[in-house]
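Plus 13 on top of the position in the sequence shown (first one is 1) and you've got the numbering used here.
Positions of the beta carbon are idealized from the N, C-alpha and C atoms, including for glycine.
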Amino acid sequence: MNSCVGTTTSTIDVNHEYEALRQESFAWIKAAARIALERLGRVGVTRKHDQSPVTDADHAVQDALLASIARLYPQDAVITEETQA
């Protein structure tokens, strides 16, 4: 027996949501590339807790991506690479 009676999601709805997220993701990638290119050749480097390098550009890109994700998915948690939770 179907426990989801009355709650259907059409393929059209799913495809529309997927396409919207795909387009938004491309915008995020372009913004991240612009941020990285603006800092090309003039970035400061620090070390993470594991002693691996991280640049100012890494942090700036991460911050921009987190802000974009939070606008679209405010209820979601995000695990990041450059900062430790």
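Measure how close the beta-carbons of residue 79 and residue 93 come, nearest whole angstrom, since I'm counting them as under 8 Å.
Position 66 of the sequence shown, counted from the start, is the residue given in the question as residue 79. Position 80 of the sequence shown, counted from the start, is the residue given in the question as residue 93. Contact between residue 79 and residue 93 holds: CB atoms are separated by about 7 Å, below the 8 Å threshold.
Given this structure, state the Cα-to-Cα distance separating residue 73 from residue 63, to the nearest angstrom.
Numbered from its first residue, the sequence shown carries residue 73 at position 60. Numbered from its first residue, the sequence shown carries residue 63 at position 50. Straight across, the Cα-Cα distance linking residue 73 with residue 63 is about 20 Å.
Count the other C-beta atoms from every protein chain shown that fall within 10 angstroms of the C-beta of residue 42, then say buried if there are 16 or more, exposed otherwise.
Here residue 42 corresponds to residue number 29 of the sequence shown, with the count starting at 1. When all chains shown are included, residue 42 counts as exposed.
Rounded to a whole number of angstroms, what is the C-alpha to C-alpha distance between residue 95 and residue 30?
Counting from 1 along the sequence shown, the entry for residue 95 is found at position 82. Counting from 1 along the sequence shown, the entry for residue 30 is found at position 17. One C-alpha to the other measures close to 29 Å.
Within the same chain, show all residues whose beta-carbon is closer than 6 Å to that of residue 81, passing over the 5 residues directly before and after it, in chain order.
Taking the sequence shown and counting its residues from 1, one reaches residue 81 at position 68. Around residue 81: 41.
Any idea which residues DSSP pairs residue 66 with across the strands?
For the purposes of this step, residue 66 is taken as residue 53 along the sequence shown, with counting starting at 1. For residue 66, which the question treats as bridged, DSSP gives the partners 60.
Burial state of residue 48 (16 or more Cβ within 10 Å)
Position 35 of the sequence shown, counted from the start, is the residue given in the question as residue 48. By the 10 Å Cβ count, residue 48 comes out buried.
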